[in-house]
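Report on the following structure.
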Amino acid sequence: MTGVKAPPRTDGLPPTAGLRALWTLRYGTAGLYEALEVARAGLGEVFELGFGGFRPVVVASPRALRQALFERRELFSWRPEGDPAVRLFRRSILVTDGEEHDRARAVMAPAFEPERLRQAAAVVVEVIEEELEGWPTEGRVEAVEAMRRVAWRAFERVFFGYDLRGAELERSLPGLLAALRYIGPGPWVLRGRAGRVPRRVRLLEAHVRHVVAWRREHPGEPATMLDLLLGTFDLERVRDHALTMLIAGHDTSTAQLSWALHLLARSPEWLARASREARRAPAGEGLASLGAHDLPVIDAVLKETLRLWPPIHVGGRRALRETELDGYVVRGGQRVMLSYFLAQRDAARWAAPRAFDPGRWLEGGGPPGAYTYLPFGGGPRNCIGAAFANLEARLVLARVLQRFDLAVTRRPLRGAMGATLEPRGGLLKVRRR
Ligand code: HEM
3 MTGVKAPPRT DGLPPTAGLR ALWTLRYGTA GLYEALEVAR AGLGEVFELG
53 FGGFRPVVVA SPRALRQALF ERRELFSWRP EGDPAVRLFR RSILVTDGEE
103 HDRARAVMAP AFEPERLRQA AAVVVEVIEE ELEGWPTEGR VEAVEAMRRV
153 AWRAFERVFF GYDLRGAELE RSLPGLLAAL RYIGPGPWVL RGRAGRVPRR
203 VRLLEAHVRH VVAWRREHPG EPATMLDLLL GTFDLERVRD HALTMLIAGH
253 DTSTAQLSWA LHLLARSPEW LARASREARR APAGEGLASL GAHDLPVIDA
303 VLKETLRLWP PIHVGGRRAL RETELDGYVV RGGQRVMLSY FLAQRDAARW
353 AAPRAFDPGR WLEGGGPPGA YTYLPFGGGP RNCIGAAFAN LEARLVLARV
403 LQRFDLAVTR RPLRGAMGAT LEPRGGLLKV RRR
């Protein structure tokens with residue numbers, strides 16, 4: 003290839019930047035996202051990371067992102083083999099390419115149609131209502147734990163037609179948490195191959211198999227995603243897709259909602275504005291029928307949350323053969339990290355990129371260009387659940403603010419890279435209104 007350069011490498015960073023990058027790893031790989039910011043400041047929007055044998059190209063420029071997600075997407079596979087997600091999800095929508103992937107996506111698409119989402123809204127409101135009954139009148143709430151229950155239960159009610167609760171939820175939770183730890187970054191990244199799926203994950207698999215068996219006996223109308231899967235695939239493939247969707251469809255929303263609560267609790271002005279808006283809105287069915295334009299401040303808070311802390315902060319790919327992204331060579335077989343996180347915090351394009359400022363989304367405000375804001379990815383393999391996720395987040399946040407006053411404790415809060423980029427450390431203070 004002519005006129006194409008090798009990307010700059012992190013081992014070429016000046017020693018001070020190298021030390022700053024190392025300091026960001028004081029919490030282990032959970033802080034790796036900060037190291038990426040240091041590297042970008044020193045090397046630009048396309049660079050190669052160097053950690054032993056782990057040498058992915060990180061891309062954050064709109065041009066490179068457009069090429070990888072759209073124009074040249076056929077040159078990249080979605081999941082490098084050796085990735086734990088491949089071992090856990092086997093042959094699901096998230097880890098296959100080509101026709102196999104496209105068929106699965108087409109089978110599940112009807113579950114996300116607007117009419118289905120209208121029905122889903124009422125279910126989400128019921129679930130959040132039930133969950134908030136369990137919150138203290140005045141006390142502390144661990145946001146990630148609380149939001150995980152809401153998002154997991156809402157996902158299963160809407161997409162599996164299953165009412166997960168009580169002892170069954172408690173029994174399956176350790177399996178779910180083990181699965182999330184397993185697919186998150188860890189030493190396997192350096193080795194290039196994940197170890198075996200931990201035994202504890204069987205608690206989650208058993209739950210999924212139980213729900214699948216139950217739904218076969220109790221098919222419902224209209225067909226849920228699970229009915230669509232059961233009508234098309236054999237039971238092993240249904241297991242793969244159902245497990246994948248359960249994780250992709252709730253862990254992301256868990257992260258977004260818990261960040262939104264923490265960020266609001268730390269921002270008195272936006273907390274007051276969002277609470278006022280929520281408290282003017284109806285509850286119950288009336289709330290379920292509201293769209294994003296009816297709750298513009300809450301919508302802006304959620305968009306800004308996704309900008310600052312995108313739950314899926316990076317799209318992992320592998321180049322199938324040598325190619326070029328934004329003028330830089332990518333070797334055949336090389337891992338590529340599409341950094342949505344860096345793109346959304348780029349000081350050359352976003353004003354005050356590290357500030358939580360929902361105002362940038364109000365009064366016609368939006369992203370500073372195409373492929374600069376990608377919380378749901380981009381191109382034909384963007385997030386299939388984005389519309390549901392937006393609806394769910396809006397209703398949950400509005401209902402929490404209708405029923406509770408929020409404040410923060412002094413415990414420090416930071417981001418941690420697990421299966422998603424989620425808030426860790428901080429506790430929320432809540433008081434029932
Ligand atoms: C705030 C919530 C969510 C966020 C931030 C999010 C983010 C994303 C992103 C960034 C991608 C593309 C990843 C890449 O480029 O590698 C993606 C894909 C995907 N998401 Fe979501 N997601 C959310 C909610 C959901 C929900 C609710 C569902 C299902 C109910 C879902 C199912 C999926 C699936 C199946 C894919 C893969 C699509 C394909 O390969 O064709 N997501 N999501």
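Heads up: take any position in the sequence shown, counting from 1, add 2, and you land on this note's numbering.
For each residue, glycine too, the CB sits at the ideal point set by N, CA and C.
As the structure is a prediction and not an experimental result, all values here were calculated from the model.
Distance from the Cα of His212 is smallest, within the candidate group Tyr164, Leu230, Val338, Arg434, for Tyr164. Taking one beta carbon from each stretch, the stretch 73-80 and the stretch 317-335 have 3 or more pairs nearer than 8 Å; the two touch.
Taking C-beta atoms as the reference points, Met149 and Ser291 fail to come closer than 7 Å.
Residue Pro9 holds the alpha-carbon nearest to the alpha-carbon of Val61 among Pro9, Ala111, Ala106.
Between the stretch 268-288 and the stretch 371-382, the count of Cβ pairs shorter than 8 Å is below three; the stretches do not touch.
Of the candidates Tyr184, Val160, Phe157, Arg151, Arg151 places its Cα closest to the Cα of Ala169. The C-beta separation of Thr226 from Phe91 comes to about 20 Å, leaving the pair out of contact by the 8 Å criterion.
Asp253 and His103 have their C-alpha atoms spaced approximately 21 Å apart. The nearest non-hydrogen atom of the ligand HEM is 6 Å or more from the C-beta of Thr307. Three or more pairs of CB atoms, one per stretch, sit closer than 8 Å, so the stretch 129-138 contacts the stretch 154-163. Under the three-state reduction of DSSP, Phe378 is assigned to coil, being neither helix nor strand. Relative to the ligand HEM, even the nearest heavy atom lies 6 Å or more away from the CB of Gln346. Each of Ala37, Ala19, Pro58, Arg434 was checked against the Cα of Gly334, and the nearest Cα belongs to Pro58. Within the stretch 161-233, the complete alpha helix (DSSP H) segments at least 4 residues long are 168-185, 190-193, 204-219, 227-232, listed from N- to C-terminus. Per DSSP, the continuous beta strand (DSSP E) segment holding Glu140 begins and ends at 140-143.
At least one heavy atom of the ligand HEM falls within 6 Å of the beta-carbon of Ala391.
Boundaries of the beta strand (DSSP E) around Arg319: 316-321. Contact between the stretch 292-308 and the stretch 231-240 is absent: fewer than three C-beta pairs spanning the two stretches fall below 8 Å.
If you check the C-beta of Phe378 against the ligand HEM, you find a heavy atom less than 6 Å away. In the structure shown, Val410 adopts extended strand secondary structure according to DSSP, grouped into three states. Membership of Leu340 in the beta strand (DSSP E) is indicated by the continuous run 337-341.
In terms of Cβ geometry, Gly186 and Gly44 do not form a close pair [threshold 7 Å].
Residue side-chain check: Gln69 keeps its Cβ at 6 Å or more from all non-hydrogen atoms of the ligand HEM.
Where Lys305 is concerned, there is no enclosing beta strand (DSSP E), although the alpha helix (DSSP H) around it starts and stops at 298-310. DSSP places Tyr35 inside the alpha helix (DSSP H), whose first and last residues are 34-45. Not one heavy atom of the ligand HEM is found less than 6 Å from the C-beta of Ile185. Residue range 388-405 is occupied by the alpha helix (DSSP H) that includes Ala400. Annotated as distal: Asp328 and Ser94, with beta-carbon spacing of 7 Å or more. Burial check for Thr411: the Cβ neighbour count within 10 Å stays below 16, so the residue is exposed. Secondary structure of Ala350 (DSSP, three-state): coil. Below 8 Å, enough C-beta pairs join the stretch 348-368 and the stretch 296-306 to call them touching: three or more. Residue pairing by DSSP puts Leu327 in a beta bridge opposite Tyr330.
Residue pairing from DSSP places Pro425 in a beta bridge opposite Gly417. Per DSSP, Val97 lies in no alpha helix (DSSP H) and is assigned neither H nor E. By the CB criterion at 7 Å, Gly317 and Leu340 fall inside the cutoff.
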